[in-house]
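Notes for the one structure printed next.
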Amino acid sequence: LGAATLDDDSWADIEDTLLMADLGAGPASEIADRLRAEVAAHGISSAADARALLRTVLVQALSPEMDRSIKALPHDGRPSVVLVVGVNGTGKTTTTGKLARVLVAGGRTVVLGAADTFRAAAADQLQTWGERVGATVVRSSAGADPAAVAFDAVKRGIEEGVDAVLIDTAGRLHTKTGLMDELGKVKRVIEKQAQVDEVLLVLDATTGQNGMVQAKVFSEVVNVTGIVLTKLDGTAKGGIVIAVQRALGVPVKLVGLGEGPDDLAPFEPGAFVDALLGD
Amino acid sequence: MFETLSDRLSTVFTSLRGKGRLSQSDIDATAREIRVSLLEADVALPVVKAFVGAVKERASAVEVSQALNPAQQIIKIVNEELVKILGGETRRLVFAKNPPTVIMLAGLQGAGKTTLAGKLARWLREQGHTPLLVACDLQRPNAVTQLQVVGEQAGVSVFAPEPGNGVGDPVGVARAGIAEARGKHFDIVIVDTAGRLGVDTEMMAQAAAIRDATSPDEVLFVLDAMVGQDAVTTAEAFRDGVGFTGVVLTKLDGDARGGAALSVRHVTGAPIMFASTGEKLNEFDIFHPDRMASRILGM
Ligand SMILES: Nc1nc2c(ncn2[C@@H]2O[C@H](COP(=O)(O)OP(=O)(O)OP(=O)(O)O)[C@@H](O)[C@H]2O)c(=O)[nH]1
Ligand SMILES: Nc1nc2c(ncn2[C@@H]2O[C@H](COP(=O)(O)OP(=O)(O)OP(=O)(O)O)[C@@H](O)[C@H]2O)c(=O)[nH]1
Ligand SMILES: [K+]
Ligand SMILES: [Mg+2]
Ligand SMILES: [Mg+2]
Chain A
-15 LGAATLDDDS WADIEDTLLM ADLGAGPASE IADRLRAEVA AHGISSAADA RALLRTVLVQ
45 ALSPEMDRSI KALPHDGRPS VVLVVGVNGT GKTTTTGKLA RVLVAGGRTV VLGAADTFRA
105 AAADQLQTWG ERVGATVVRS SAGADPAAVA FDAVKRGIEE GVDAVLIDTA GRLHTKTGLM
165 DELGKVKRVI EKQAQVDEVL LVLDATTGQN GMVQAKVFSE VVNVTGIVLT KLDGTAKGGI
225 VIAVQRALGV PVKLVGLGEG PDDLAPFEPG AFVDALLGD
Chain B
71 MFETLSDRLS TVFTSLRGKG RLSQSDIDAT AREIRVSLLE ADVALPVVKA FVGAVKERAS
131 AVEVSQALNP AQQIIKIVNE ELVKILGGET RRLVFAKNPP TVIMLAGLQG AGKTTLAGKL
191 ARWLREQGHT PLLVACDLQR PNAVTQLQVV GEQAGVSVFA PEPGNGVGDP VGVARAGIAE
251 ARGKHFDIVI VDTAGRLGVD TEMMAQAAAI RDATSPDEVL FVLDAMVGQD AVTTAEAFRD
311 GVGFTGVVLT KLDGDARGGA ALSVRHVTGA PIMFASTGEK LNEFDIFHPD RMASRILGM
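Each protein sequence line maps, in turn, to chains A and B.
This note's numbering applies: residue -15 is where the first sequence begins, and numbers increase by one.
This note's numbering applies: residue 71 is where the second sequence begins, and numbers increase by one.
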């Protein structure tokens, strides 16, 4: 009834906005259907009111009630351990550095583990971040066993009684089973001496529908506990996280908003949706 | 994980009976399935719309007969249209009449530029060239070190007079890199630049300044094949901000369908020249439009 009073163009515009934000065809039409039902239920007839309602529907789709805190505080007399994972080039090392910055600024002590022993100068990059934010870096030589480096970093963290150990891992495509097995091993080896409190999957906001399969596979291998959505300072909207959050039941916890040490922020569903809708 | 276009179209056509042209409702249903398929492959929406329009027109000429499977006929049309857009005049690198040939790389953060610099250098060296890598990313932590390592792996020289990490002028390094190549008879210069966002006007102006300082024979726009709907906006920003002569798609060793290939080609007309297919320096290939078409269609 109410829905019939909104013209086809307005509906098409709404669906286009969702598609352009990388929600994906399925989720976009689901959201549109939910909106239709709400529009009908509330007897809404203007496009502006429908868009306002769309904001509410999208925020709800992001489950704002989820716990988005980062488990980066020491417990049981041990540092918390955070593992940072994702495909190539998404912003893992940068996010690791930024997260250390937040912790150090809050008076915490941090060890960074350079478990990317593959990519050219990856450990140097993390080292630079460590110097920049005031965190100790544990590293090894190029080609060393990443699980061993991760183990050493956690060991060092325990010995020095620091608050958190953040492990940066090499970028790897979820399709490469050998590399995914290696990542599983990194986690298992850490767990020989400490619990892994947080596994952060770093997703690049420019990523399209492939983000979903990335999230599923990484979750299967290392049980992701939080998502970091990087590069939101660009024009990409990162709408894939709506489907990812729902499929995994794991919240987006942080967003990356630039290349600097302070460009990390908590994920806020309302602000995310506002940016997505371009309002 | 996605349904292939053939699966989708078979569903549309299972109810199809009789002979003659496809009915309007068959064509509409077909267009819907193609639309969803392309969207799932990350083809940008405006490109999807234009593309589906073109296919719809050709589909209306399809004859339904017992002998020919209309689903297969439509797929053939879609495939042909895709190859037409992706292909065109795929061309080789342009070499300068008076060396050095200058190849500048540009793109978003993390796209794969520095890795590509190493791949191109290795590939060109194997063809008998003497490339020089020039380290103009003075922004990203240890981008210079990374290029030095990559250069060593590729067996080529790296010009890196500035340490980077926020120190040094990339335009000056670019200019000095060309002089270095002239003086020491390198015949190719590959300029690695910092990743930048399309909306970062200051960084875009820097890219333009590097371009002006080096007069590149090729500016290659390096694009991650996993990119979604942002491909068009970003490609337009780089086209307008620095201009590019060719595109390189990276991370094609994954399972992203790579619809961005269609988007950038459709929107900018610039040819896709190379495919980057791994982290190792030999994982690199000339771009093949037909393979890309099948990939986008999930076949
Ligand atoms: N604009 C912007 N750039 C970012 C952000 N996060 C990271 N970057 C940049 O993205 C590029 C890749 O970041 P890295 O931290 O090296 O990514 P990574 O995931 O560690 O990469 P690999 O280890 O090679 O897989 C760098 O140029 C970073 O400066 C962000 O939130 N916004
Ligand atoms: N799987 C795969 N990884 C790639 C490919 N090309 C580059 N990479 C990886 O992607 C990540 C980023 O590559 P870089 O070459 O550092 O990208 P960049 O564009 O120079 O990044 P910035 O300088 O930070 O903007 C690294 O982990 C590379 O190893 C590819 O074709 N396939
Ligand atoms: K954005
Ligand atoms: Mg890294
Ligand atoms: Mg680089």
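Note that beta-carbon positions come from the ideal geometry of N, C-alpha and C, so glycine has one too.
Selected residue, minimal CA-CA separation from residue i, among the options
i	options	result
Q69(B)	T209(A), R156(A), I224(A)	With chain B covering 71 to 369 only, the question about residue 69(B) has no answer from this structure.
I54(A)	V239(A), T190(A), A107(A)	V239(A)
G316(B)	A246(B), H336(B), Q223(B), L267(B)	H336(B)
G324(B)	D247(A), V228(A), L163(A), P235(A)	L163(A)
R162(B)	A224(B), D355(B), T200(B), V214(B)	D355(B)
W113(A)	T101(A), S64(A), D258(A), G97(A)	G97(A)
D33(A)	L(-10)(A), L67(A), R172(A)	L(-10)(A)
L87(A)	A56(A), A249(A), P63(A)	A56(A)
D246(A)	K160(A), T80(A), A24(A), D(-8)(A)	T80(A)
I211(A)	I(-2)(A), V68(A), D(-7)(A)	V68(A)
L290(B)	A340(B), R78(B), L108(B)	A340(B)
L42(A)	I(-2)(A), K82(A), G27(A), R52(A)	I(-2)(A)
D360(B)	V302(B), V153(B), V118(B)	V153(B)
L203(B)	T271(B), A166(B), A101(B), A224(B)	A224(B)
T190(A)	T263(B), T271(B), M296(B)	M296(B)
A12(A)	Q193(A), S203(A), I142(A)	Q193(A)
G136(A)	A106(A), K171(A), A105(A), H158(A)	It should be pointed out that residue 136(A) corresponds to Asp in this sequence rather than to Gly. Checked all of A106(A), K171(A), A105(A), H158(A); the closest Cα to D136(A) is K171(A).
R156(A)	L150(A), F202(A), A128(A)	F202(A)
G391(B)	R327(B), I260(B), L293(B)	With chain B covering 71 to 369 only, the question about residue 391(B) has no answer from this structure.
L248(A)	D217(A), K221(A), G262(A)	D217(A)
M362(B)	A166(B), L351(B), A326(B)	A326(B)
A99(B)	G236(B), H255(B), I144(B), L115(B)	I144(B)
A166(B)	D239(B), T284(B), G368(B)	T284(B)
P231(B)	F308(B), A246(B), K146(B)	A246(B)
Rounded straight-line distance, which links the Cα of residue j to that of residue i
i	j	result
S130(B)	A120(B)	16 angstroms
M50(A)	E252(A)	11 angstroms
A277(B)	V117(A)	29 angstroms
M71(B)	D17(A)	Reliability fails at M71(B), whose pLDDT of 47 lies under 50, so the model's placement of it is uncertain and no value is given.
A31(A)	D6(A)	22 angstroms
I282(B)	P170(B)	In the sequence under discussion, the amino acid at residue 282(B) is Asp, which differs from the Ile named in the question. Their Cα atoms are separated by approximately 15 angstroms.
M343(B)	G253(B)	30 angstroms
I182(A)	N168(B)	As written in the sequence, residue 182(A) is Glu, which differs from the Ile given in the question. Between E182(A) and N168(B), the C-alpha separation is close to 56 angstroms.
K76(A)	F102(A)	14 angstroms
V133(A)	D152(A)	10 angstroms
R140(A)	V208(A)	24 angstroms
L37(A)	T1(A)	14 angstroms
A(-13)(A)	I28(A)	Low local confidence applies: a pLDDT of 46 at A(-13)(A) is under 50, so the model's placement there is unreliable, and no value is given.
A45(A)	T219(A)	22 angstroms
A126(A)	Q198(A)	26 angstroms
R365(B)	A154(A)	27 angstroms
V65(A)	A99(A)	13 angstroms
T347(B)	N72(A)	12 angstroms
V180(A)	V206(A)	10 angstroms
L(-15)(A)	A24(A)	With a pLDDT of only 37 at L(-15)(A), under the threshold of 50, the placement of this residue in the model should not be trusted, and no figure is reported.
V334(B)	E166(A)	35 angstroms
V149(A)	A107(A)	15 angstroms
E103(B)	E222(B)	49 angstroms
V113(B)	A301(B)	9 angstroms
V234(A)	G329(B)	27 angstroms
N352(B)	L293(B)	18 angstroms
V269(B)	G236(B)	20 angstroms
Identity of the residues DSSP links to residue i by a beta bridge
i	result
L290(B)	L175(B), G316(B)
R62(A)	H59(A)
L75(B)	Note: L75(B) sits in no beta bridge, so no partner.
G97(A)	V122(A), I151(A)
I342(B)	V317(B)
R91(B)	E133(B)
T263(B)	C206(B)
A9(A)	Beta-bridge pairing links A9(A) to no other residue.
D355(B)	A345(B)
I258(B)	T171(B), P201(B)
Anticipated Cβ contact below 8 angstroms, residue i with residue j, distance rounded
i	j	result
V138(A)	Q111(A)	Rounded, the Cβ-Cβ distance is 18 angstroms, inconsistent with contact.
I155(B)	L332(B)	6 angstroms
A131(A)	V95(A)	At roughly 16 angstroms, the Cβ-Cβ gap does not stay under 8 angstroms, so A131(A) and V95(A) are not in contact.
Residue i Cβ short of 7 angstroms to ligand 6 heavy atom set
i	result
S47(A)	This structure simply doesn't include ligand 6; it includes ligand 1, ligand 2, ligand 3, ligand 4 and ligand 5 instead.
* Every unbroken beta strand (DSSP E) inside the stretch 155 to 225 of chain A [3 residues or more] -> 182 to 188, 210 to 214
* **Minimum length 3: unbroken beta strand (DSSP E) runs contained in the stretch 183 to 248 of chain B** => 201 to 206, 227 to 229
* **Those runs of the alpha helix (DSSP H) which lie wholly inside the stretch 105 to 160 of chain B and span at least 4 residues** => 115 to 129, 140 to 156
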